[in-house]
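Visitor: The sequence shown begins at 1 in full-length UniProt numbering and counts up by one.
We put the beta carbon where it would ideally sit given N, CA and C, even for glycine.
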Amino acid sequence: MDRNDRAADYLVAEHTGGRRFVPFAADFDIADLDAAYAVQDAYVARLRRASDARPAGYKVGLTSKRMQEMCRIDTPVAGVVLDGRVHGSGVELRLSFFGRIGLEFEICVIAGKDLPPIGRDYTEDEAAAAIGAVAAAVEIVDDRSCDYATLDVLSLVADNSWNAGVVLGDRVTSIPDLAACEAVIAAGGVEIDRGHGRDALGGPLVPFTWLANHLCRRGEGLRKGDLVMTGSLVTTQFPTEPQSYRFTVSGLGSVDVSVVP
């Protein structure tokens, strides 16, 4: 059994056993991002087989300079979103199902056409022309009560960048200036934070373009219909008791999610 399989089996056992996240890259000689993504591939393959799932798209993480500095990296990271983990607005999520649930409030970009490898990076204009729709969305993450003082980015990436699903609002095909969109999050009907589209690397187009080029460099590429979660616009919420959230993005509408025991 090679390193990727051993690390992937370890991750399955850790998640199944409900164990706290601890960095593990050094234990499996995961020395760089290429190696971390190779482990991610093996881990996601096991998740797919276990639930007969298919990839629905991707998440882009570490889209703030603060988080990049904390993880000592100068690039975003990616993870795979599986179709069985895509929920509609109004979903109830059980706190007991997760090690520690986090909710990240984002703009989801949906590819309107393929962006296959072309031997060079796509420009932002080329990527923008491939956007088919956008939506207000919530990424569900499970950090399994990680001690962030010990976090290393290679372990994070190998663990599918902690993606545990997404919640999508209605798709909008008349696409506004995404960087200028205002975003407001309310808990129990009371506003708790607000931000703008530009708060994720300057605007959702930047992580969308980065993700397309990242996949192309791996010989993959984006496909029509792929969801791309482009990074949190407001403070991540880590609910510990039942709560309802509404995330509203100007020009895109709202998405609702509740957590229950």
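List, from N- to C-terminal side, the alpha helix (DSSP H) runs of 4 residues or more that fit wholly inside the region 19-68.
Guide: 33-51, all fully within the region 19-68.
Visitor: Output the distance between the C-alpha atoms of Arg246 and Ala137, rounded to the nearest integer angstrom.
Guide: Each residue's Cα considered, the two are about 10 Å apart.
Visitor: Do the region 225-241 and the region 200-207 touch if we need at least three Cβ pairs shorter than 8 Å?
Guide: They touch, by the three-pair rule.
Visitor: Opposite Ile110 in the DSSP bridges: which residues?
Guide: Ile110 is bridged to Ala133, Leu227.
Visitor: Do Ala243 and Val259 have their CB atoms nearer than 7 Å?
Guide: As written in the sequence, residue 243 is Gln, which differs from the Ala given in the question. Yes, the Cβ-Cβ distance between Gln243 and Val259 is below 7 Å.
Visitor: Helix, strand or coil for Leu252, going by three-state DSSP, please let me know.
Guide: Three-state DSSP puts Leu252 in coil, outside helix and strand.
Visitor: Taking contact to mean 3 or more Cβ pairs, one atom from each stretch, closer than 8 Å, check whether the region 175-194 and the region 156-165 are in contact.
Guide: Because the criterion of three Cβ pairs below 8 Å is not met, the region 175-194 and the region 156-165 do not touch.
Visitor: Check Asp193 in the structure and name its three-state DSSP category.
Guide: Here Asp193 sits in strand by DSSP.
Visitor: Would the beta-carbon of Glu79 fall within 7 Å of that of Ile110?
Guide: Position check: residue 79 holds Gly in this sequence, whereas Glu was assumed. The answer is no: Cβ separation not under 7 Å.
Visitor: Measuring alpha carbon to alpha carbon, tell me which of Ala36, Asp143, Asp32 ends up nearest Arg6.
Guide: Ranking the options by Cα distance to Arg6, first place goes to Ala36.
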